[in-house]
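Scroll down for the structure; my scribbles are underneath it.
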Amino acid sequence: PPMGTSEFTKIPPKTPDSVKGSDDGKPVKIIPLDIRSFKTQQELANRSQQVRGEPMIMDDDSDDEDDDLDEKKITVPLTVTMIVIAGYILGGAMLFGLWETWDELQSAYFCFITLSTIGFGDVVPGTDFDNPQQTAQLILGAVYVLFGMAILSMCFSLMQDEIIAKCKWVGQKLGLVDKDED
Numbered sequence: 001p002p003m004g005t006s007e008f009t010k011i012p013p014k015t016p017d018s019v020k021g022s023d024d025g026k027p028v029k030i031i032p033l034d035i036r037s038f039k040t041q042q043e044l045a046n047r048s049q050q051v052r053g054e055p056m057i058m059d060d061d062s063d064d065e066d067d068d069l070d071e072k073k074i075t076v077p078l079t080v081t082m083i084v085i086a087g088y089i090l091g092g093a094m095l096f097g098l099w100e101t102w103d104e105l106q107s108a109y110f111c112f113i114t115l116s117t118i119g120f121g122d123v124v125p126g127t128d129f130d131n132p133q134q135t136a137q138l139i140l141g142a143v144y145v146l147f148g149m150a151i152l153s154m155c156f157s158l159m160q161d162e163i164i165a166k167c168k169w170v171g172q173k174l175g176l177v178d179k180d181e182d
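Heads up: the sequence shown is residues 1 to 182, going by full-length UniProt numbering.
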């Protein structure tokens with residue numbers, strides 16, 4: 001059953017002002033404790049009575065190394081992005097070549113011009129209205145173009161980031177750009 005409003009009032013708020021300490025009103029002292037400094041569990045259990053009576057908050061600092069991974073930038077090589085673009089355009093060229101009976105060059109031209117949003121309009125699919133599969137081909141063609149524009153945009157962005165990183169690296173090696181400069 002859902003909780004009533006009276007049950008919510010029993011839950012203490014978690015603001016810094018509301019943390020008073022234990023039930024006797026004494027403030028809580030946070031004492032850093034390095035568990036790795038204790039060689040055995042017996043040493044941990046035999047720590048001073050004063051420290052043992054206080055609440056202990058354990059924070060293992062070994063997970064702080066994972067925070068450095070967030071700062072590292074993952075890059076994709078230019079060759080991978082070029083292969084993805086070429087593969088998608090060639091796949092579309094084969095698909096539209098079969099559907100529209102275009103040659104390979106005309107199909108590849110259509111795919112590149114359409115996906116790069118240039119769209120001259122000189123090559124247009126779906127002009128064969130006698131074909132009963134025309135509706136399905138138009139829907140699949142629209143899905144191809146939709147995903148293709150997203151893939152091309154992503155690849156262009158990754159290529160741009162990689163080229164900027166390479167130019168900064170060359171500039172740093174030549175002494176033209178400071179290493180701290182972003």
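From the three backbone atoms N, C-alpha and C, an ideal C-beta is built for every residue, glycine too.
Going by DSSP in three states, residue i sits in which element: helix, strand or coil?
i	result
Asp130	coil
Gln50	Because Gln50 sits at a pLDDT of 48, beneath the cut-off of 50, its placement in the model cannot be relied upon, and the point is left open.
Asp161	helix
Leu176	coil
Val123	coil
Lys168	helix
Taking the Cβ atom as the reference point for each residue, do residue i and residue j lie within a distance shorter than 8 Å?
i	j	result
Thr81	Met159	yes
Tyr109	Val123	yes
Gln172	Lys166	no
Asp148	Pro125	Residue identity differs from the one stated: residue 148 is Gly in this sequence, not Asp. Not a contact, by the Cβ cut-off of 8 Å.
Gly97	Ser107	yes
Measure the alpha-carbon distance for residue i versus residue j and round it to whole angstroms.
i	j	result
Ala93	Thr127	17 Å
Pro132	Asp103	22 Å
Lys72	Ile118	35 Å
Phe156	Asp130	38 Å
Leu176	Leu105	44 Å
Leu138	Leu174	53 Å
Ala150	Trp169	29 Å
Met154	Thr101	30 Å
Ala86	Gln134	26 Å
Ile164	Leu146	27 Å
Rounded C-beta distance between residue i and residue j? I'm assuming under 8 Å.
i	j	result
Leu152	Leu115	5 Å
Val84	Glu162	That pair is no contact at about 13 Å.
Phe120	Ile89	Rounded, the Cβ-Cβ distance is 16 Å, inconsistent with contact.
Closest by CA to residue i, which one among the options?
i	options	result
Ala136	Trp99, Tyr88, Val84, Gly175	Trp99
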